[in-house]
Amino acid sequence: MITLTIDGDEVTVPPGTTILEAARGRDIPTLCFDERQAPFGACRVCLVAVEGSPKPLPSCTTPVREGMTVDTRDPTARRVAAAIVELVLSELPVAPAPHTELAQVARMLDVGEPRWPGETHAVERDERHPYLAFQHELCISCGRCVRACDEVQGTFALTATGRGFEANVAAGLDQGFRDSVCVSCGACADTCPTDAITEISLLDLVR
Amino acid sequence: MGGVSRNLVELVRRHHEQGAPTALEVLKEAMDRRGEITDDDRRVAAERSGLPEAAVYGVSTFYEDLLVPRGARHVRVCTGTACFAATGGAHVEAVEAALGVGLDQRSEDRSVSLAETVCLGYCHCGPAVRDGDTVDAGPGVLDRVLSDSARPAPEPRLTSLLAEPVLTRPGDWAGFTTARERDPSELLAAVKAADVRGRGGAGFPAGVKWEFASRAANPDKVIVANGDEGDPGSYIDKLLMEDNPHLLLEGMALAGHAVGARHGFIVTRSEYPRSKPALDAAIAQARAAGHLGEHFDVHVVEGGGSYVVGEETALLACLQGLRGTVSARPPFPAERGVHGHPTVVNNVETLCNIPFIAREGADAYRALSPNATPGSKLVCFNERFARPGAYEVPFGMTVRELCEDVAGGMDGPIKALQIGGPLGGILPGTRLDTVFDFEPLAAEGCMVGHGGIVGFDAHTDMRAVATHLLRFGANESCGKCFPCRIGLQRAHAMFATGAPIDRTSLEQLLEAVEIGSLCAHGGAVPAPIRSILAHWPEEL
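Just so you know, the sequences run in chain order A and B.
If you're matching positions, the first sequence starts at 1 in our numbering and goes up one per residue.
If you're matching positions, the second sequence starts at 1 in our numbering and goes up one per residue.
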């Protein structure tokens with residue numbers, strides 16, 4: 001077992017545990033993390049300070065070490081995490097719905113008006129599938145839907161696409177859910193933190 | 001932890017063992033054959049590589065080589081930093097005007113297409129333009145492209161300043177012949193004692209990487225030579241792969257001997273069309289001579305046009321034909337790399353140091369650069385210098401000695417130098433007495449990096465340099481981590497408008513990108529921007 005200190009509390013966990021897992025129950029914001037999936041390390045919102053590290057580290061992909069001292073509320077880590085969430089909000093043409101994880105994390109980090117506004121994602125919708133709708137403009141490329149389809153469902157109907165600012169997600173050869181190998185399991189909609197992918201019935205309820 | 005899909009890697013491994021090509025290889029063939037990629041090509045690539053169709057689609061939207069549809073004549077213009085230093089970017093507009101097509105466009109009649117490429121490795125005589133498979137560069141290049149009479153550019157020269165060269169001595173397999181008779185632990189100990197620091201940018205000790213991999217439980221180990229670093233302004237690996245391929249192969253065979261690997265891969269850049277043929281020919285010779293084959297063999301994989309693929313986890317994704325995005329470590333490649341096997345990833349130049357150590361020993365290697373980082377280093381200069389080319393030098397010379405005595409200085413004062421690649425800070429011409437070594441350069445916010453030295457003359461507009469570097473940074477972001485993906489696009493937009501820069505807002509943005517990013521790309525693109533803020537604030 002490994003013993004470390006998190007926010008002044010001694011915590012003992014098995015080797016191979018990540019800081020995020022060891023800090024369960026504490027308020028560490030995350031966007032690309034889903035405990036049903038392997039950690040991905042893309043959103044960089046779960047930053048924490050680790051004594052001896054020159055800069056904050058992502059808690060989701062950093063394994064614990066014996067004697068480690070972690071501060072989950074380090075001001076630099078929180079400032080950078082808030083800036084990152086601010087950037088994410090600035091790439092969406094509309095604000096995410098208040099119940100989404102993205103909106104919750106933005107509230108938790110007290111993200112204000114965007115300091116770096118600019119180009120937003122083009123509106124592109126796939127609503128031809130009977131159960132699943134995809135609003136590509138709300139996609140933040142967290143990879144959760146792709147990993148749900150790969151790791152949880154084993155269907156491989158989804159992929160990350162593009163690179164840099166053009167990054168997004170596509171079903172099949174980008175023909176949409178209906179013409180892909182999607183089996184309508186809904187794991188992608190279930191994990192999506194922005195409602196870019198939703199189940200149609202849920203969408204109707206909201207409307 | 002990681003990021004690359006274990007399921008996809010397992011699919012790639014199984015199909016590789018049955019001799020299947022990777023999805024990237026099939027897609028590149030389709031592009032070369034027909035000049036565009038259709039959904040049918042993607043389905044064929046899925047079928048042949050064994051990857052799911054969606055994953056193939058993802059690959060087809062990632063690599064530069066697959067993105068721009070090609071006309072009968074396909075022209076690629078270099079937008080690397082050395083070509084930018086040569087013309088301020090004017091050559092790009094001139095080629096667009098001459099061909100009548102915009103950047104990354106194909107003419108309606110499909111007769112001609114123009115793509116941007118970074119970088120062709122002719123920094124010693126920029127600007128460079130690739131017309132079909134001919135790379136032309138230097139004075140008159142634009143006229144020749146205009147008149148459809150491109151001719152091969154002169155290749156850069158590689159000169160050693162050392163009495164006993166390490167990297168310019170042709171690879172003769174003498175070190176390998178000696179080492180293979182001895183226990184692998186002796187070579188591993190010698191490489192550790194020689195304290196070989198990685199020459200690709202990070203400077204990580206090669207011996208430590210080797211030791212991790214040699215201790216890994218999985219006996220099926222792999223050596224990968226990273227020849228896809230792609231730093232604009234550096235043509236060091238190009239020269240080593242094309243002019244001295246046996247030295248690299250010998251270094252890889254030695255690495256294989258030391259860690260117990262049987263398979264080796266070299267990932268080359270598609271921007272260097274001569275590299276793969278040169279290496280393939282050398283591999284055939286080495287097999288015939290009995291150096292490669294049964295115990296350790298090497299295969300060459302050509303990349304698809306992506307700078308971030310120079311990062312080791314992205315490199316391994318590319319090698320396996322997947323999207324070249326970065327993965328979080330752990331697991332480190334030494335634990336889980338190519339096809340899930342323990343993998344050593346070393347830069348080309350790093351591996352080229354090993355034959356000397358095997359032959360002469362660690363003490364002789366350390367003695368090459370007294371009181372400095374052990375061994376020697378290749379540096380290369382852009383066309384602004386009087387004697388541009390690549391030089392093997394000891395560590396510990398001053399930057400002034402390198403720029404003035406070795407490269408002959410510039411016509412006029414040196415305004416600034418970017419050393420080590422696009423992620424290196426910028427050294428002002430007033431600080432040329434800085435010693436060329438890891439720590440002294442780091443103290444100036446700069447780095448040894450990959451050894452490319454791009455000089456800017458007195459006419460250079462430093463805001464334009466910042467804009468150029470941020471454009472490169474944003475274009476080449478792999479798109480995985482949020483701060484790099486969005487932050488570099490925003491930082492470039494701040495500079496591109498020409499409006500005055502709000503320094504507070506820029507510094508806050510740079511902090512988020514620098515601290516937040518997953519790999520050294522986002523982590524270090526801010527470094528040269530910070531240098532410009534520090535040394536030339538009046539130009540912003």
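Yeah, the Cβ is synthetic: ideal placement off N, Cα and C, and Gly gets one too.
In this text the structure is predicted, and so the values were computed from the model without any measurement.
Closer than 8 Å to chain A by CB, residue i
{"i": "Asn371/B", "result": "no"}
{"i": "Thr61/B", "result": "yes"}
{"i": "Leu509/B", "result": "yes"}
{"i": "Leu518/B", "result": "yes"}
{"i": "Cys478/B", "result": "yes"}
{"i": "Asp39/B", "result": "yes"}
{"i": "Cys446/B", "result": "no"}
{"i": "Met1/B", "result": "Reliability of the predicted coordinates at Met1/B is poor, the pLDDT of 49 falling under 50, and no value is obtained from them."}
{"i": "Pro483/B", "result": "yes"}
{"i": "Gln489/B", "result": "yes"}
{"i": "Ala328/B", "result": "yes"}
{"i": "Glu53/B", "result": "yes"}
Best match in the options for proximity to residue i [C-alpha to C-alpha]
{"i": "Gly71/B", "options": "Leu114/B, Leu51/B and Cys78/B", "result": "Leu114/B"}
{"i": "Pro394/B", "options": "Arg387/B, Asp437/B and Glu360/B", "result": "Asp437/B"}
{"i": "Gly227/B", "options": "Ala493/B, Gly389/B and Glu312/B", "result": "Glu312/B"}
{"i": "Asp65/B", "options": "Ala364/B, Glu29/B and Val92/B", "result": "Glu29/B"}
{"i": "Asn218/B", "options": "His339/B, Leu24/B and Thr430/B", "result": "His339/B"}
{"i": "Thr87/B", "options": "Leu142/B, Asn346/B, Arg269/B and Met241/B", "result": "Leu142/B"}
{"i": "Ser149/B", "options": "Asp363/B, His16/B and Asp133/B", "result": "Asp133/B"}
{"i": "His299/B", "options": "Asn244/B, Lys276/B and Gly310/B", "result": "Lys276/B"}
{"i": "Pro152/B", "options": "Leu161/B, Val166/B, Ile357/B and Leu120/B", "result": "Leu120/B"}
{"i": "Ala46/B", "options": "Ser60/B, Gly35/B and Glu302/B", "result": "Ser60/B"}
{"i": "Asn7/B", "options": "Thr18/A, Phe156/A, Ala95/A and Met1/A", "result": "Phe156/A"}
{"i": "Val73/A", "options": "Gln135/A, Ser53/A and Ile6/A", "result": "The sequence as given places Arg at residue 73/A; Val does not occur at that position. Residue Ile6/A is the option with its Cα nearest to Arg73/A."}
{"i": "Ile532/B", "options": "Leu254/B, Arg269/B, Ala512/B and Leu506/B", "result": "Leu506/B"}
{"i": "Tyr57/B", "options": "Cys83/B, Leu24/B, Gly89/B and Thr81/B", "result": "Leu24/B"}
Close Cβ partners of residue i (< 8 Å) along its chain, the five nearest in sequence each way excluded
{"i": "Pro85/A", "result": "According to the sequence displayed, residue 85/A carries Val and not Pro. The residues are Pro29, Leu31, Val45, Leu102, Val105, Ala106, Leu109 and Val111."}
C-alpha distance - residue i paired with residue j, whole-angstrom precision
{"i": "Ile236/B", "j": "Ala314/B", "result": "21 Å"}
{"i": "Pro58/A", "j": "Val77/B", "result": "39 Å"}
{"i": "Gly118/A", "j": "His257/B", "result": "53 Å"}
{"i": "Arg33/B", "j": "Ser147/B", "result": "25 Å"}
{"i": "Leu92/A", "j": "Arg485/B", "result": "14 Å"}
{"i": "Glu113/A", "j": "Asp220/B", "result": "53 Å"}
{"i": "Met1/B", "j": "Arg274/B", "result": "Only weak support is given to the placement of Met1/B: the predicted model assigns it a pLDDT of 49, under 50, and the value that follows is read from those uncertain coordinates. Going from the Cα of Met1/B to the Cα of Arg274/B covers about 37 Å."}
{"i": "Pro388/B", "j": "Leu279/B", "result": "25 Å"}
{"i": "Phe204/B", "j": "Trp210/B", "result": "11 Å"}
{"i": "Gly67/A", "j": "Leu20/A", "result": "16 Å"}
{"i": "Arg79/A", "j": "Leu509/B", "result": "11 Å"}
{"i": "Cys544/B", "j": "Gly233/B", "result": "This structure does not reach residue 544/B, given that chain B is present from 1 up to 540, and the question cannot be answered."}
{"i": "Gly310/B", "j": "Ala133/A", "result": "37 Å"}
{"i": "Pro370/B", "j": "Gly126/B", "result": "35 Å"}
Same chain, Cβ closer than 7 Å to residue i, five either side skipped, listed in chain order
{"i": "Ala160/A", "result": "Ser141, Gly143, Val146, Ala167 and Val169"}
{"i": "Thr61/A", "result": "Thr18, Pro39 and Gly41"}
{"i": "Glu444/B", "result": "Gly425, Leu427, Arg431 and Thr434"}
Segment limits, beta strand (DSSP E) that includes residue i
{"i": "Pro394/B", "result": "Ala390 to Pro394"}
{"i": "Gly264/B", "result": "Ala261 to Thr268"}
{"i": "Arg76/B", "result": "Arg73 to Cys78"}
{"i": "Asp40/B", "result": "Asp40/B -> not in any beta strand (DSSP E); alpha helix (DSSP H) instead, spanning Asp39 to Ser49."}
{"i": "Asn226/B", "result": "Lys221 to Asn226"}
Chain B contact for residue i (CB, 8 Å cutoff)
{"i": "Ala157/A", "result": "yes"}
{"i": "Ile197/A", "result": "no"}
{"i": "Thr76/A", "result": "yes"}
{"i": "Val88/A", "result": "yes"}
{"i": "Val80/A", "result": "yes"}
Other residues of its chain near residue i: CB distance less than 6 Å, five sequence neighbours each side excluded
{"i": "His129/A", "result": "Phe177 and Arg178"}
{"i": "Val68/B", "result": "Asp104 and Ala115"}
{"i": "Gly102/B", "result": "Glu96"}
{"i": "Ala196/A", "result": "Gln135, Leu138 and Cys139"}
{"i": "Thr12/A", "result": "Met1 and Thr3"}
Cβ-heavy atom distance, residue i to the ligand SAH, below 7 Å
{"i": "Lys221/B", "result": "Ligands in the displayed structure: none, and consequently the ligand SAH is not present."}
Residue i - containing alpha helix (DSSP H), residue span
{"i": "Asn371/B", "result": "No alpha helix (DSSP H) contains Asn371/B, which DSSP labels as neither H nor E."}
{"i": "Lys209/B", "result": "Ala206 to Arg215"}
{"i": "Ala148/A", "result": "Where Ala148/A is concerned, there is no enclosing alpha helix (DSSP H), given that its DSSP letter is neither H nor E."}
{"i": "Asn7/B", "result": "Arg6 to Glu17"}
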